[in-house]
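Line by line, the protein sequences give chains A and B.
Following our numbering, the numbering of the first sequence begins with 312 at its first residue and continues without gaps.
Following our numbering, the numbering of the second sequence begins with 2 at its first residue and continues without gaps.
Glycine included, C-beta positions come from ideal geometry on N, C-alpha and C.
Since this is a predicted model, take the numbers as computed values, not measurements.
Here is the structure we will look at, set down as structure tokens.
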Amino acid sequence: MALCQTSVLKVYHAVIEDVITNVRDAFLDEGVDEQVLQEMKQIWRNKLLASKAVELTPDPSEGGSHPPPIVANNPKVSKAANAKAKKAAAATSQSSLPASSMAAKSPGAAGGGAAGSGLKNGQMPIKQEVTSQNPPPLHPTSGGSMPQRQQATGGGQTPIPIVASLDPNRIMPVNITLPSTAGSGSSESRVLTIQVPASALQENQLTQILTAHLISSIMTLPTTLASSVLQQHVNAALTSANIQKNMGASKQLDGALDSSDEDESEESDDNIDNDDDDDLDKDDDDDVEQEDAAEEEPLNSEDDVTDEDSTETFDTDNVIVCQYDKITRSRNKWKFYLKDGIMNMRGKDYVFQKSNGDAEW
Amino acid sequence: MAYQLYRTTTLGITLQETLTECVQKGEMTPDLARTVLLQFDKSMNEGLKQNAKSQLAFKAMKLETYQMCDDVWTLKLNDVEFREKEFVLKVDKVKIVACVAKEEKTNTK
């Protein structure tokens, strides 16, 4: 394993220990018990392990502030480590785990006792924990409390009275329920949430925008990615629809409706002229254009998304947080001299002392 | 004061969650939590300086956007490849947030 991966745990442990040591005084000053400090440390470590961002290595010299010589007591240790893993699972189960078998039955004392035995012993049970936490559970939205819910696979819907009375410009969240896909590992249907202006709901524009083609193309995407693709598509479609509507509806864009920007009103004047001349044709063209745009968008968004990465980067933004010694540019060639950085790539953490890179703008 | 830059890392976020829980349970005051976070900033900056060993090289196909404000660079790169000896890692998109490296005196705190 690369140094950038193996040193992660070491750095993290050093930081945790340093923090605990230095805040102990502050805790005592406030009159907070040492027990609370220890508990805080334990919860912190459990969360860290549960995050799966750190690679646990089988190397016995790795990590662990006090690695006791436990190799001889394997059965005892692995049982204790199992208990610890269960406790870690229990800590996260409140927020995520559907597997109730691992939750909450943790013998707290044993879990606490195993804490000192070092992380490396927790490797096996934690790996099991990893697989059971994977697929991330998706909670289906409960009840029909949202009047704006629309089925993506359904046909046209009549406007709901509540929605009809809303201010057309108000942005409403809309839940779109997708049936489960074969490869997603989830047996529940997924719900994506997008934000649309109420006017879109009042005029049933969503059914035109959310074509079957679009829906089938995002079906394979993970929920968050699918939501953002859908959101972008809806935004684009609504914008082009609105532009067309505005051009058709209001011939006069100056006077009361004039914007202060001179450039803008010049542009609209030109558009009005065109509109006057080719009104009908333009409307037809815009309709066709909108449909084409609706069909092109899903095709283009397929280009952007790669399957392997999208399943792994499910909810991660690959981020590097660091300091820079120098960042230089020559024409469009950039050079980066970075240091003391932590990277989170595809959910995993890496650490570097120095990193140099190039890019073209 | 040490950079609060690292609070968005896994370690930082887990710490903040832990502190929020403790404060909600009434086990510690928000003030104390703030103190812990400030200590975390110091320990993190120091810890990286002393314990991080790896030297990484990377090459990006494209610098998508760059932004610099108050000596903080925010960069977005596409198609990046990280290398360290035999270790190779390729990702489609990377965001880098970098603060200017401080010149530190040898004694800290």
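ask   = Hey, does Ala537(A) have any beta-carbon neighbour from chain B nearer than 7 Å?
value = Taking the first residue of the first sequence as position 1, residue 537(A) is located at position 226. Chain B contact via Cβ: absent.
task = Determine whether the Cβ of Glu85(B) lies closer than 7 Å to any Cβ atom of chain A.
result = Counting from one through the second sequence, the residue named residue 85(B) turns up at place 84. Yes, Glu85(B) lies at the interface with chain A (some Cβ there is under 7 Å from its Cβ).
ask   = Are the CB atoms of Ala61(B) and Ala670(A) nearer to each other than 7 Å?
value = As a position in the second sequence, residue 61(B) is number 60, starting the count at 1. As a position in the first sequence, residue 670(A) is number 359, starting the count at 1. Yes, the pair counts as a contact, with Cβ atoms nearer than the cut-off.
query = What do you reckon, are the CB atoms on Thr15(B) and Val632(A) nearer than 7 Å?
reply = Sequence index remark: in the second sequence, residue 15(B) carries index 14 (1-based). Sequence index remark: in the first sequence, residue 632(A) carries index 321 (1-based). No, they are not a contact pair.
message = Suppose you measure from the CA of Lys659(A) to the CA of Lys363(A); what does that come to, to the nearest Å?
response = Working through the first sequence from its first residue, we reach residue 659(A) at position 348. Working through the first sequence from its first residue, we reach residue 363(A) at position 52. Between Lys659(A) and Lys363(A), the C-alpha separation is close to 7 Å.
inquiry  = For a contact defined as C-beta to C-beta under 9 Å, what are the partners of Ala1(B) on chain A?
reply    = Only positions 2 to 110 of chain B appear in this structure, which leaves residue 1(B) out of reach.
query = According to the neighbour-count rule (16 or more other Cβ atoms, all chains shown, within 10 Å of its Cβ), is Ile482(A) buried or exposed?
reply = For the purposes of this step, residue 482(A) is taken as residue 171 along the first sequence, with counting starting at 1. Ile482(A) is exposed by the Cβ-count criterion.
ask   = Name the chain A residues that come within less than 9 Å of Gln56(B), Cβ to Cβ?
value = Mapped onto the second sequence, residue 56(B) falls at position 55. Chain A residues near Gln56(B): Leu314, Cys315, Phe663, Gln664, Lys665, Ser666 and Asn667.
query = Is the shortest distance between the beta-carbon of Lys321(A) and the beta-carbons of chain B less than 7 Å?
reply = As a first step, residue 321(A) is located in the first sequence; it is residue number 10 there, counting from the start. Chain B contact via Cβ: present.
ask   = Would you say Leu64(B) and Leu78(B) are within 7 Å of each other, going by their C-beta atoms?
value = Translated into positions along the second sequence, residue 64(B) becomes position 63. Translated into positions along the second sequence, residue 78(B) becomes position 77. Going by C-beta atoms, Leu64(B) is nearer than 7 Å to Leu78(B).
query = Going by C-alpha distance, which of Arg8(B), Tyr67(B), Glu47(B) and Val24(B) is nearest Lys650(A)?
reply = As a working mapping, residue 650(A) is identified with position 339 in the first sequence. It is Glu47(B) whose Cα lies nearest to the Cα of Lys650(A).
request  = Show which residues of chain A have a CB atom less than 7 Å away from the CB atom of Val24(B).
outcome  = The count along the second sequence starts at 1 and reaches residue 24(B) at position 23. In chain order: nothing, as chain A lies at least about 10 Å away.
ask   = Using a Cβ-Cβ distance under 7 Å, would Lys96(B) count as near chain A?
value = Position 95 of the second sequence, counted from the first residue, corresponds to residue 96(B). True, the Cβ-Cβ gap to chain A drops below 7 Å.
key: Whether Leu57(B) touches Phe663(A) by CB criterion (7 Å)   = The sequence position of residue 57(B) within the second sequence is 56, counting from 1. The sequence position of residue 663(A) within the first sequence is 352, counting from 1. Yes, these two residues count as a Cβ contact at 7 Å.
Beta-carbon proximity of Ile673(A) to Val540(A), cut-off 7 Å = Outside the displayed range of chain A (312 to 672) lies residue 673(A), so it cannot be described from this structure.
query = Looking only at its own chain, which residues have a Cβ that is under 7 Å from the Cβ of Val92(B), when we skip the five neighbours before and after it?
reply = In the second sequence, counting from the first residue as 1, residue 92(B) sits at position 91. Same-chain partners within the cutoff: Val81.
inquiry  = I'd like to know if Ser634(A) contacts chain B, where contact means its C-beta is closer than 7 Å to some C-beta of that chain.
reply    = Position 323 of the first sequence holds residue 634(A). Residue identity differs from the one stated: residue 634(A) is Gln in this sequence, not Ser. Yes, because at least one Cβ of chain B sits closer than 7 Å to the Cβ of Gln634(A).
request  = Step through the CB atoms of chain B and report whether any lies within less than 7 Å of the CB of Glu341(A).
outcome  = As a position in the first sequence, residue 341(A) is number 30, starting the count at 1. With 7 Å as the cut-off, Glu341(A) counts as an interface residue toward chain B.
message = Counting only Cβ pairs nearer than 7 Å, list the residues of chain A close to Gln40(B).
response = Taking the first residue of the second sequence as 1, we reach residue 40(B) at position 39. Ordered by position in chain A, the residues that pass the 7 Å Cβ test against Gln40(B) are Val330, Asn333 and Val334.
request  = Measure the Cβ-Cβ separation of Val502(A) and Val485(A) and say whether it is below 7 Å.
outcome  = As a position in the first sequence, residue 502(A) is number 191, starting the count at 1. As a position in the first sequence, residue 485(A) is number 174, starting the count at 1. No.
request  = For Gly27(B), return the contacting residues in chain A, with the cut-off set at a CB-CB distance below 7 Å.
outcome  = Residue numbering aside, residue 27(B) sits at position 26 when the second sequence is read from its first letter. By Cβ distance, chain A contributes nothing, its closest Cβ being about 10 Å from Gly27(B), past 7 Å.
ask   = Do the segment 23-32 of chain B and the segment 313-333 of chain A make contact, defined as three or more Cβ pairs closer than 8 Å?
value = no
request  = Report back the beta-carbon spacing between Lys96(B) and Val630(A) to the nearest angstrom; my notes put them in contact at under 8 Å.
outcome  = Walking along the second sequence from the start, residue 96(B) turns up at place 95. Walking along the first sequence from the start, residue 630(A) turns up at place 319. The pair is a contact, with the Cβ atoms about 5 Å apart (cut-off 8 Å).
query = How close, in whole Å, do the beta carbons of Val322(A) and Asn52(B) come, if the pair is a contact with beta carbons under 8 Å?
reply = What you label residue 322(A) is simply residue 11 of the first sequence in a count that begins at 1. What you label residue 52(B) is simply residue 51 of the second sequence in a count that begins at 1. Indeed, because the Cβ distance is near 4 Å, the residues count as touching under 8 Å.
ask   = Taking Cβ-Cβ distances shorter than 9 Å, what residues in chain B pair up with Glu671(A)?
value = Position 360 of the first sequence, counting from 1, holds the residue named residue 671(A). Within 9 Å Cβ-Cβ: Ala61, Met62, Lys63 and Leu64.
ask   = CB-CB under 6 Å to Lys438(A), same chain, minus the five flanking residues each way: which ones, in chain order?
value = Counting from one through the first sequence, the residue named residue 438(A) turns up at place 127. With a pLDDT of 42 at Lys438(A), under the threshold of 50, the modelled position of this residue cannot be trusted, and the question is left open.
request  = Using the Cα positions of Trp645(A) and Met69(B), report the straight-line distance between them to the nearest angstrom.
outcome  = What you label residue 645(A) is simply residue 334 of the first sequence in a count that begins at 1. What you label residue 69(B) is simply residue 68 of the second sequence in a count that begins at 1. When rounded, the distance between both Cα atoms is 14 Å.
message = I need the DSSP call for Trp355(A), collapsed to helix, strand or coil.
response = One-based indexing of the first sequence puts residue 355(A) at position 44. Here Trp355(A) sits in helix by DSSP.
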